[in-house]
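Colleague:
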Amino acid sequence: MGYINFCSLPYTFRRNGTFYLYFRLPDNRFFKSSLACTEIKRARFLTSRLMFFISLLKLGRIENSQLQTIVRKMRQLTQSDIDDYLLEVQTEIYEEARRTKFEAREESTSGGKPIPVDLAKGFSEFAGEHLEDTLYNGAEPFSNDHITDYFSAQFDVTGMTNQLMEASVQYDYFLKQWQDARTAFFSKNLKDYDAIVKSLEPITPSVPIHITAPMADDSNSENQLTLAEAWNDFVAFTSQKKKWTLKTQKDNEANFEFIKFALGAETRVVSITKRNITDMLDMAESLPQRNKGKYRNMSFQECLDTDIPEEDLISSRSVNGYLKVCQSFFSGYLTREVDVLKSPPTTNVRYPAKSQSYGSYSRKEMAKLVTHFLSLSGWEKWVFLLLSYTGARRGEIAKLNAEDIKFDDDSQRYFIYIKESKTEAGIRSIPLHRKLVDWGFLGFVESRKTKSEINDLFPEIGYVNRISKTFIQIRDRLKIPPVSFEAKRRVVHSLRHTFITNAQSKVGNVNLIQQVVGHEHSKIGQTQVYTTTFELSALLSVVDSIEWI
1 MGYINFCSLP YTFRRNGTFY LYFRLPDNRF FKSSLACTEI KRARFLTSRL MFFISLLKLG
61 RIENSQLQTI VRKMRQLTQS DIDDYLLEVQ TEIYEEARRT KFEAREESTS GGKPIPVDLA
121 KGFSEFAGEH LEDTLYNGAE PFSNDHITDY FSAQFDVTGM TNQLMEASVQ YDYFLKQWQD
181 ARTAFFSKNL KDYDAIVKSL EPITPSVPIH ITAPMADDSN SENQLTLAEA WNDFVAFTSQ
241 KKKWTLKTQK DNEANFEFIK FALGAETRVV SITKRNITDM LDMAESLPQR NKGKYRNMSF
301 QECLDTDIPE EDLISSRSVN GYLKVCQSFF SGYLTREVDV LKSPPTTNVR YPAKSQSYGS
361 YSRKEMAKLV THFLSLSGWE KWVFLLLSYT GARRGEIAKL NAEDIKFDDD SQRYFIYIKE
421 SKTEAGIRSI PLHRKLVDWG FLGFVESRKT KSEINDLFPE IGYVNRISKT FIQIRDRLKI
481 PPVSFEAKRR VVHSLRHTFI TNAQSKVGNV NLIQQVVGHE HSKIGQTQVY TTTFELSALL
541 SVVDSIEWI
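Numbering (full-length UniProt numbering), first residue to last: 1 to 549.
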């Protein structure tokens, strides 16, 4: 058929019936990769999901070959893909369980101190009991969000809900076995430990898990209706009925731009869930007032990747505006007017008015959170523990590299050097809490050191808002209320607020607290400003006053 350019579908062309991703790079070279599809609706769906990665390539954040790999993976998810992933998970968890017996020696040789046996046993017992809820009580799998996010980022997961649910349960089962193995080891029951580790050892080739599930009925055109298409119909409907004033339409259109960004323009409306709506509202809480200065020209992604000062965040009333638009759209139009949905995803979704300021977590809640953080691994474990024991901002922790962890000869303590911050006072040194050293943080830092000049501690994070999203999932999983009794919102930044509040109750010198957390002017009811910069040894009283568990 030859070459056909689709002006309505940017970054693509069609040759011999097949769509290709095709666009010019800043150096005038062209990127080209087959989308392996012949239907324009499928091509539009894939292109929509690839837009973020196209932007990264144009900005030089990823390589040409990386986008080629992403395009190849952006296809329909199969059971084989899930089985391959679970085999990788099983292999990784088996290796972690097998290496439990080496942990104490590795900590000693790296200059650290092994975790006390009773404490390690307590952590694994707590984690194991938590994972039992899925297997015996039917609770939502602990790994459900991770599994969904992982596969949704790479594949079209339409029609694979049951398979993803079973994969999440299987993942939880592997995690439960791992924690049971650790419990047996630290109970000095080596016979049971060996048996559990042996049961975790993967069999190659893997035995696929066959799941029979009804496929979505794609023959119904209503099932194919995308969010963007449905919104256009909704706007036409309201215009015909003259339900909106010009100002209302302008406001609603502006709100929908974020809703479209958060939920995905090409997402089928029948697949949008209540959880998607609540996640969207959680994201909206992190948005700035976009009529303020530098935020005017920032994209939604840039806004979410930025640590927004509390005074610049949008109000709860503005967040509620997104919910109201969703209620009119999903409930009023798609359910009652055109009968596309049997039940709207906004049913029973509420967004209570909240204070602009952050609430604190109680000591009991912090103990619960920290205990859970210790059961995690990789960036999730150390980012959240650092936030809990330093009072630093999420963006400051996310940017750390191995060279930022230093040793002070005078105080004989390790410290974190925050070299990037939004204020001059934010550039500072924070003593490292002894418990972080005892729990193996220095060993983690050593593992991140390479011959490269850039040894980022947490390269997996990618964008700062991922920290917030992951924390919200943990908070909700632990059933910790998102709002305090004072109606103040409690998010990841509340860890910093809790640190400051706790330190204030124990340390008499407010200037010491200010220097640790990077406040140029007091933000805890005082009017003082820094009169001097204290030595690291003077700051120990602030950090050492924090005792969560």
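Note that beta-carbon positions come from the ideal geometry of N, C-alpha and C, so glycine has one too. As the structure is a computational prediction, the values presented were derived from the model and not from experiment.
In or out: Pro208 buried (at least 16 other Cβ within 10 Å) or exposed?
Modeller: Summary for Pro208: the model assigns pLDDT 38, below 50, so the residue's position carries little reliability, and this model does not support an answer.
Colleague: What do you get for Ser315, buried or exposed, if any count of 16 or more other CB atoms within 10 angstroms of its CB means buried?
Modeller: The Cβ neighbour count for Ser315, taken over all protein chains shown within 10 Å, is under 16; the residue is labelled exposed.
Colleague: Kindly confirm or deny that the segment 388 to 401 and the segment 417 to 431 touch, where touching means at least three C-beta pairs closer than 8 angstroms.
Modeller: The segment 388 to 401 and the segment 417 to 431 touch, with no fewer than 3 CB-CB distances between them shorter than 8 angstroms.
Colleague: Got a sec? Which residues, its chain only, sit under 7 angstroms from Gln177 by beta carbon, not counting five neighbours each side?
Modeller: Ile196, Ser199, Leu200
Colleague: Kindly confirm or deny that the segment 397 to 407 and the segment 366 to 375 touch, where touching means at least three C-beta pairs closer than 8 angstroms.
Modeller: Taking a contact to require three or more Cβ pairs closer than 8 angstroms, the segment 397 to 407 and the segment 366 to 375 do not qualify as touching.
Colleague: Which runs of the alpha helix (DSSP H) spanning at least 4 residues fall entirely within the segment 4 to 88, listed in chain order?
Modeller: Runs of the alpha helix (DSSP H) lying entirely within the segment 4 to 88 and spanning at least 4 residues, in chain order: 40 to 58, 64 to 73.
Colleague: Going by CA-CA distance only, name the one from Ser286, Cys303, Ala284 that's closest to Gly293.
Modeller: Cys303
Colleague: Counting C-beta neighbours from all protein chains within 10 Å, is the total for residue 550 16 or more, i.e. buried, or is it exposed?
Modeller: Lying before the first or after the last residue shown, residue 550 is absent from the chain, which here runs from 1 to 549.
Colleague: List the whole-angstrom C-beta distance separating Leu536 from Asp408, where the pair is believed to meet the contact cut-off of C-beta under 8 angstroms.
Modeller: 5 angstroms
Colleague: Using a Cβ-Cβ cut-off of 8 angstroms (strictly less than) and excluding sequence neighbours within five positions of Gln473, which residues of its own chain qualify?
Modeller: If the five residues before and after Gln473 are omitted, its C-beta is found closer than 8 angstroms to the C-beta atoms of Asp145, all from its own chain and listed in chain order.
Colleague: Use the C-beta contact count for Gln301: other C-beta atoms within 10 angstroms, 16 or more gives buried, fewer gives exposed.
Modeller: Around the beta carbon of Gln301, a 10 Å sphere encloses fewer than 16 other beta carbons of the protein chains shown; the residue is thus reported as exposed.
Colleague: What residues match up with Asn320 in a beta bridge as DSSP calls it?
Modeller: Paired residue(s): none; Asn320 is not in a bridge.
Colleague: Identify whether Asn401 lies in helix, strand or coil by the three-state DSSP scheme.
Modeller: strand
Colleague: To the nearest angstrom, how far is the alpha carbon of Glu285 from that of Val319?
Modeller: 6 angstroms
Colleague: Report the option in Ser377, Tyr358, Ile416, Ala425 whose CA atom is closest to the CA atom of Glu460.
Modeller: Ser377
Colleague: Within a Cβ cutoff of 8 angstroms, which residues of the same chain sit near Phe185, ignoring the five residues on either side of it in sequence?
Modeller: Once the five neighbours on either side are set aside, the close Cβ partners of Phe185 are Thr100, Lys101, Tyr193.
Colleague: For Thr238, tell me which candidate among Asn252, Leu442, Lys479 has the shortest Cα-Cα distance.
Modeller: The residue with the shortest Cα to Cα distance from Thr238 is Asn252.
Colleague: Which whole-angstrom value is the C-beta distance of Leu77 and Val169, which I expect to be below 8 angstroms?
Modeller: Rounded, the Cβ-Cβ distance is 17 angstroms, inconsistent with contact.
Colleague: Tell me which residue opens and which closes the beta strand (DSSP E) that Ile147 is part of.
Modeller: Careful: Ile147 lies outside any beta strand (DSSP E), inside the alpha helix (DSSP H) at 144 to 152.
Colleague: Please classify Gly17: is it buried, with 16 or more other beta-carbons within 10 angstroms of its beta-carbon, or exposed?
Modeller: exposed
Colleague: Between the beta-carbon of Leu57 and the beta-carbon of Phe31, is there less than 8 angstroms?
Modeller: For the pair Leu57 and Phe31, the CB atoms are nearer than the 8 angstroms cut-off.
Colleague: Buried or exposed for Ser375, going by 16 or more other Cβ atoms inside 10 Å?
Modeller: Under this definition Ser375 is a buried residue.
Colleague: How about Lys41: is its Cβ closer than 7 angstroms to a heavy atom in the ligand NAD?
Modeller: No copy of the ligand NAD occurs in the structure displayed, which carries no ligand at all.
Colleague: Using a Cβ-Cβ cut-off of 7 angstroms (strictly less than) and excluding sequence neighbours within five positions of Tyr333, which residues of its own chain qualify?
Modeller: Phe234, Phe237
Colleague: For Thr12, collect the residues of the same chain with a Cβ closer than 7 angstroms to its Cβ; drop the 5 residues on either side in sequence, then sort them by chain order.
Modeller: Phe6, Phe19, Tyr20, Leu21, Tyr22, Ala43, Thr47
Colleague: Would the beta-carbon of Ile405 fall within 8 angstroms of that of Ile416?
Modeller: yes
Colleague: Leaving aside the five residues before and after residue 617 along the sequence, list all residues of the same chain whose C-beta is less than 6 angstroms from its C-beta, in chain order.
Modeller: Residue 617 is absent from the model: the chain starts at 1 and stops at 549.
Colleague: If I follow the unbroken beta strand (DSSP E) through Arg428, where does it start and stop?
Modeller: 428 to 431
Colleague: Asp172 and Thr134 - do their beta-carbons sit closer together than 8 angstroms?
Modeller: Result yes, Cβ atoms of Thr134 and Asp172 sit closer than 8 angstroms.
Colleague: Whole angstroms is fine: what's the gap from Ile546's alpha carbon to Gln514's?
Modeller: 15 angstroms
Colleague: Can you name, in chain order, every residue of its own chain whose Cβ lies under 6 angstroms from the Cβ of Leu386, other than the five neighbours on each side?
Modeller: Ile397
Colleague: What does the Cβ neighbour count give for Phe52, buried or exposed, with the cut at 16 atoms within 10 Å?
Modeller: With fewer than 16 Cβ atoms within 10 Å of its Cβ, Phe52 is classed as exposed.
Colleague: For the candidate residues Tyr150, Ser411, Glu365, Thr450, whose alpha-carbon lies nearest to that of Ile549?
Modeller: Glu365
Colleague: Taking the CB atoms as reference points, tell me whether Pro288 and Leu263 lie closer together than 8 angstroms.
Modeller: no
Colleague: Assuming Ile93 and Leu25 are in contact, meaning their beta carbons sit under 8 angstroms apart, how far apart are those beta carbons, in whole angstroms?
Modeller: No, Ile93 and Leu25 are not in contact; Cβ-Cβ is about 40 angstroms, not under 8 angstroms.
Colleague: Rounding to the nearest angstrom, what Cα-Cα distance links Thr91 and Val117 in this structure?
Modeller: 26 angstroms
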